[in-house]
Amino acid sequence: MIKTRQLFDQGTCTYTYLIFDDESKEAVIIDPVLENFTRDTTLIKKLGLTLVGVLETHVHADHITAANKIRHYMNVKIYFGSKSGVKGADVLLDDGDQINLGKENITAIHTPGHTKGSITYYIDDKLFTGDTLFIGGTGRTDFQGGSAKDTYSSCKNKLFTYSDETLVYPAHNYEGLTVSTIGEERQWNPNVGDVIKEEEFIESEKRKERPYPRKFDIAVPANMSCGPKD
Ligand SMILES: [Fe+2]
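Read left to right, the sequence shown gives residues 3 to 232 (the working numbering).
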């Protein structure tokens with residue numbers, strides 16, 4: 003049986019996910035944050051898990067990844083999207099690639115929009131959507147090869163092909179919401195749901211004025227090489 007733990011970074015409202023197979027005790031961690039290295043690795047040990055991979059949804063601009071540090075201490079592989087442009091990842095994922103976890107597989111879905119190389123991970127009727135699809139929103143599209151057109155297409159043509167009951171676990175939420183479903187987002191998402199047309203979303207993205215991320219100049223260069231080793 004696949005189990006999931008949703009972990010929260012208070013500084014940046016980032017969700018990290020620990021996903022494991024109860025039988026084999028194999029685990030992967032999605033989008034770990036450097037500051038939470040001790041918390042996350044302690045939990046992995048406490049649960050008696052063997053970490054087999056660090057999965058990144060994209061090159062984050064708001065925090066530094068713990069990927070390289072976890073690889074250094076736990077000897078695991080780092081997975082990134084093949085279009086992310088990162089250096090030093092062990093596996094570069096293309097659309098449809100599978101990652102083994104116990105008897106199950108995690109599917110990588112290339113969902114560009116927030117960044118060119120964004121990946122959504124699917125396992126056990128759950129989608130880990132990174133910053134492509136949020137609960138009632140979508141990630142900004144104004145840097146890192148972002149494209150509103152791509153976000154719209156990734157959501158409509160890829161994520162919304164999953165069943166209504168599929169759970170949506172994003173990389174961030176700033177209001178305390180933790181999980182949604184494909185059915186809810188298809189119906190009500192103000193950016194990519196049935197309530198808006200593609201042209202309207204693209205136009206509204208152009209008009210949005212967003213603050214420059216506080217840690218952008220430190221986080222992006224660090225994350226382009228999977229974060230610091232120590
Ligand atoms: Fe992001």
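Cβ atoms here follow ideal geometry from the backbone N, Cα and C, with glycine treated the same way. None of the values given here were measured: they were computed from a predicted structure.
When the alpha-carbon of T168 is set against those of E186, N193, Y154 and T153, the nearest one is in E186. Less than 8 Å divides the Cβ of T59 from the Cβ of A173. Not one heavy atom of ligand 1 lies closer than 7 Å to the C-beta of G98.
E200 sits in a helix when the DSSP states are folded into three classes. When D99, L53, I80 and F136 are compared, the shortest CA-CA separation from Y17 is found for F136. Around the beta carbon of N175, 16 or more other beta carbons sit within 10 angstroms, so the residue counts as buried. Note that the C-beta distance between V197 and S182 is not below 8 Å. When the five nearest sequence neighbours on each side are left out, the beta carbons in the same chain lying within less than 6 Å of the beta carbon of D152 are those of P114 and G115, in order along the chain.
By the neighbour-count definition (other C-beta atoms within 10 Å, threshold 16), I220 is an exposed residue. Burial of E28 is indicated by the presence of at least 16 other C-beta atoms within 10 angstroms of its C-beta. Per the CB criterion, closer than 6 Å to any heavy atom of ligand 1, the qualifying residues run in chain order as H60, H62, A63, H116, D133 and G141. With respect to G119, V61 sits close: the two C-beta atoms are nearer than 8 Å.
Bridge partners of S165 according to DSSP: none are assigned. For L45, there is no enclosing beta strand (DSSP E); the enclosing alpha helix (DSSP H) has its first and last residue at F39 to K48. In this structure D127 is exposed. Its beta-carbon is surrounded by fewer than 16 other beta-carbon atoms within 10 angstroms. Between the C-alpha atoms of S84 and L95 there is a straight-line separation of about 5 Å.
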